[in-house]
Amino acid sequence: MERHPVEAGVPQGSPVSPILFAIYTSGLIKWVEEYASAEGLSFVEDLGWVATGSDVSQVVTILVRCAGKSIGWASRRGLQFDTAKTEAALFTGRQGHKKHLRPNLTAKIRVGDGFIRFNRQATRWLGVWMDTPLTLKEHHNRCMKNARAAEARLRTITKTYGVVPESVRDVQVACVQAVALYGSELMWDPTEAARLDDLQLLLN
Numbered sequence: 015m016e017r018h019p020v021e022a023g024v025p026q027g028s029p030v031s032p033i034l035f036a037i038y039t040s041g042l043i044k045w046v047e048e049y050a051s052a053e054g055l056s057f058v059e060d061l062g063w064v065a066t067g068s069d070v071s072q073v074v075t076i077l078v079r080c081a082g083k084s085i086g087w088a089s090r091r092g093l094q095f096d097t098a099k100t101e102a103a104l105f106t107g108r109q110g111h112k113k114h115l116r117p118n119l120t121a122k123i124r125v126g127d128g129f130i131r132f133n134r135q136a137t138r139w140l141g142v143w144m145d146t147p148l149t150l151k152e153h154h155n156r157c158m159k160n161a162r163a164a165e166a167r168l169r170t171i172t173k174t175y176g177v178v179p180e181s182v183r184d185v186q187v188a189c190v191q192a193v194a195l196y197g198s199e200l201m202w203d204p205t206e207a208a209r210l211d212d213l214q215l216l217l218n
């Protein structure tokens with residue numbers, strides 16, 4: 015019998031793509047979790063592994079196992095992950111990021127035929143920018159920058175077209191405050207006076 019190549023995978027941009035991806039990877043997550051002592055994390059068409067360890071080398075070892083098992087699992091089913099888009103982020107918390115305990119972010123993780131390193135800059139996940147010590151300072155700064163830009167555009171509209179104050183207030187809440195406070199449940203720290211001042215000034 016003559017063989018013919020068949021295209022397989024999840025169609026990009028299709029409304030059913032996240033559903034198909036969840037179906038495809040449901041068995042993979044459970045299998046790798048049991049093998050590598052890691053937790054699977056899937057959102058839309060992204061798949062990630064969360065590894066916890068006492069040091070960087072232990073985390074790297076777990077992630078290498080996860081990557082190897084994932085790629086092998088996909089290969090046996092005629093699937094392929096886009097390993098070129100793989101990222102790795104390391105989080106220590108503030109206590110684990112003291113000067114004499116700062117982790118080695120140059121550690122390499124083998125993924126397929128290549129290696130990746132932990133992101134040195136903040137990593138974006140679901141719109142939240144997370145840095146290694148999880149201060150979320152980068153996230154706050156980016157949110158405030160975007161909120162100020164939205165505020166400036168709102169001022170231009172009100173000056174040009176004379177929008178009534180009640181409408182301006184509604185737009186400010188929906189388009190400015192919402193941007194500034196995105197992820198505030200995670201980043202809010204009452205001891206950070208600078209963040210409080212930034213938000214209060216924007217509200218004023």
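Residue numbers (this note's numbering): 15 to 218. We put the CB at the ideal spot given by N, CA and C, even for glycine.
Beta-carbon separation of residue i and residue j under 8 angstroms?
i           : j           : result
residue 127 : residue 136 : no
residue 147 : residue 107 : yes
residue 83  : residue 46  : yes
residue 190 : residue 168 : yes
residue 165 : residue 217 : no
residue 194 : residue 157 : yes
residue 121 : residue 131 : yes
residue 57  : residue 119 : no
residue 142 : residue 200 : yes
residue 172 : residue 182 : yes
Tell me whether residue i is buried or exposed, calling it buried when 16 or more other Cβ atoms sit within 10 Å of its Cβ.
i           : result
residue 115 : Residue confidence is low: residue 115 scores 45 on pLDDT, short of 50, so the model does not pin down where it sits. No coordinate-derived value is stated.
residue 123 : buried
residue 76  : buried
residue 28  : exposed
residue 55  : exposed
residue 154 : buried
residue 113 : Legend: pLDDT at residue 113 = 49, less than 50; position of this residue unreliable, value from coordinates given subsequently. Burial call: exposed.
residue 192 : exposed
residue 39  : buried
residue 186 : buried
residue 65  : buried
residue 98  : exposed
Thinking C-alpha only, which one of the options is nearest residue i?
i           : options              : result
residue 150 : 202, 193, 79 and 99  : 202
residue 43  : 88, 186 and 73       : 88
residue 159 : 98, 213, 91 and 51   : 213
residue 59  : 90, 98 and 31        : 31
residue 51  : 118, 138, 80 and 105 : 80
residue 138 : 163, 177, 104 and 95 : 104
Just list the residues that DSSP pairs residue i with in beta bridges.
i           : result
residue 101 : Its beta-bridge partners do not exist; DSSP assigns none.
residue 56  : 61
residue 144 : 137
Distance cutoff 8 angstroms, beta carbons only. Does residue i sit that close to anything in chain D?
i           : result
residue 119 : Among the chains in the structure shown there is no chain D, since it carries only a single protein chain.
Practice task
Could I get the ranges of all uninterrupted alpha helix (DSSP H) runs contained in the region 161 to 207, with 4 residues as the minimum, in chain order?
Solution key: 179 to 185 and 198 to 201, all fully within the region 161 to 207.
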